[in-house]
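For my numbering, add 38 to where a residue sits in the sequence shown, where the first one is 1. Below: the structure, in structure tokens.
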Amino acid sequence: MKKHIFISGRVQGVGFRHFTKKNAEALGVKGWVKNLPDKRVEAIFQGSEEKVDDLIQRCKKGPVASFVQDIKVRDAKDETVYKSFEVKL
39 MKKHIFISGR VQGVGFRHFT KKNAEALGVK GWVKNLPDKR VEAIFQGSEE
89 KVDDLIQRCK KGPVASFVQD IKVRDAKDET VYKSFEVKL
């Protein structure tokens, strides 16, 4: 399963990307996360349905200093097979 995620709220400058990477690696989810110029965070999560759903739930809470206002989740259209989870700059 692969999902394309957009997270909005206070999600930049609060360690959200590091939080996402740490949790993705703990769950064995592959993909990437990055900040967007419009202050949202974008990510691709690839893994089993259960683990991807778990990571999405963790991102709904986010790190302590964050405030997640909204998460949009859709099926990812790219065909890339990710081998790790990375923070894109």
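Positions of the beta carbon are idealized from the N, C-alpha and C atoms, including for glycine.
Annotation for GLU117: no beta strand (DSSP E) segment contains it, and DSSP assigns it neither H nor E. Just so you know, the alpha carbons of SER122 and ALA62 end up roughly 9 Å apart.
The alpha-carbon separation between GLY69 and PHE83 amounts to approximately 5 Å.
ASN61 is not bridged by DSSP to any residue.
The region 73-122 is shown to contain whole beta strand (DSSP E) runs of 3 or more residues at 79-84 and 105-113, in chain order.
Approximately 19 Å separates the beta-carbon atoms of GLU80 and LYS89; this is outside 8 Å, ruling out the contact.
Excluding residues up to 5 positions away in sequence, PRO101, ALA103 and SER104 lie with their Cβ nearer than 7 Å to the Cβ of VAL52 in the same chain.
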